[in-house]
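Trainee: Residue numbers (our numbering): 3 to 271.
Supplied in structure tokens, the structure appears directly below.
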Ligand SMILES: NC(=O)c1ccc[n+]([C@@H]2O[C@H](COP(=O)([O-])OP(=O)(O)OC[C@H]3O[C@@H](n4cnc5c(N)ncnc54)[C@H](O)[C@@H]3O)[C@@H](O)[C@H]2O)c1
């Protein structure tokens, strides 16, 4: 018996990276998995797009663990698409216990040079996409009346003034607001809501040479913002998944409204 046997987890942005790692970890602990991803380019994202093949690979990895999986191409900007997937989850898998709002995009530039379109794109995916994800799933969890765990992927940028990504930093701070407000509204249903705050994670999103060049150019003044305490440059997707699995399981049953860092100590600076 795994910690999550009999549970169903709904994960956005799961074609690759952290989302895939969460799907595999939660499945390895016994959960059935619902995973979605846009699987293609998103205007305003400077990170290489994921593909349908990536999403199929996540599904294959879950099936290899003998867990059921629903994998669909859904954009988190599309509320109706998420609502349809949540309804399909209930129809096919019969329940919904864990939500991981993980989908995200990134671009960069000086704050005053960010275009309105890029600003809107990052807010639409990284903030409104999280709102859509909880809006589509929470009614099922309330109706189910068996508690649950909602985990929102923020960033260290959600708790400090990360430069050159003003839209991203604002959206990730906004995710903290969603987690805290929602935790208060859902507490009476024993549904917990927490945000996770990774430092750089070794995924495609870390392939951001333009951003690193901007940071490097101002290292003397801005270096401390990114300085870590532990002797590692980045964390692995599996490190985030371990925290997600803890929050999803009964081991995290008394934690809600919290911001959980996986940050190599950088938030302590
Ligand atoms: N990698 C890092 O250094 C880092 C650090 C802190 C926080 N994060 C956050 O972690 C989360 C996961 O990112 P990752 O590191 O796995 O990067 P990633 O680029 O590998 O994964 C992000 C996934 O989200 C998907 N996605 C993008 N827009 C979408 C949309 N509109 N609808 C549905 N899916 C969409 C992408 O296709 C991709 O598969 C993001 O929210 C990101 O902001 C990443």
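Positions of the beta carbon are idealized from the N, C-alpha and C atoms, including for glycine.
So residue 139 and residue 196 are in contact, right, with Cβ under 8 angstroms, and what is the actual spacing, rounded?
Mentor: Contact doesn't hold; Cβ gap of about 15 angstroms is too wide.
Trainee: Suppose contacts are defined by Cβ-Cβ distances below 7 angstroms. Is residue 136 in contact with residue 160 by that definition?
Mentor: Against a cut-off of 7 angstroms, the Cβ pair of residue 160 and residue 136 comes out as no contact.
Trainee: Taking a contact to mean a Cβ-Cβ separation below 7 angstroms, would you say residue 57 touches residue 33 in this structure?
Mentor: Cβ atoms of residue 57 and residue 33: not closer than 7 angstroms.
Trainee: When you compare only the Cα positions, how much space is there between residue 245 and residue 264?
Mentor: Near 8 angstroms, if we compare the C-alpha coordinates of residue 264 and residue 245.
Trainee: Quick test of your reading: residue 107 and residue 49, contact by CB under 8 angstroms. State the CB separation rounded to the nearest angstrom.
Mentor: Between residue 49 and residue 107 the Cβ distance is about 7 angstroms, and since that is below 8 angstroms, they are a contact.
Trainee: At a threshold of 6 angstroms, does residue 104 count as lining ligand 1 (C-beta to nearest heavy atom)?
Mentor: Checking every heavy atom of ligand 1 against the Cβ of residue 104, one is found closer than 6 angstroms.
Trainee: When DSSP builds the beta bridges, which residues end up paired with residue 196?
Mentor: According to DSSP, residue 196 bridges with 153.
Trainee: On the DSSP bridge assignment, give the partners of residue 214 in chain order.
Mentor: BP columns for residue 214 are empty, so no partner.
Trainee: Could you work out which residue in 84, 150, 4 and 207 is closest to residue 18 when comparing CA atoms only?
Mentor: Nearest of 84, 150, 4 and 207 to residue 18, Cα basis: 207.
Trainee: Is residue 2 near ligand 1, going by C-beta to nearest heavy atom under 6 angstroms?
Mentor: Because residue 2 is not part of the residues shown, which for the chain are 3 to 271, the question remains open.
Trainee: Excluding five sequence neighbours on each side, which residues of the same chain lie with their C-beta closer than 6 angstroms to the C-beta of residue 51?
Mentor: Result list for residue 51: 42 and 43, in chain order.
Trainee: Buried or exposed: which applies to residue 168, given that a residue is buried once 16 or more other Cβ atoms fall within 10 Å of its Cβ?
Mentor: Label assigned to residue 168: buried.
Trainee: Under 7 angstroms between the Cβ atoms of residue 164 and residue 155?
Mentor: For residue 164 and residue 155, no; Cβs fall outside 7 angstroms.
Trainee: With DSSP collapsed to three states, give me the class of residue 141.
Mentor: Looking at residue 141 - three-state DSSP - the assignment turns out to be helix.
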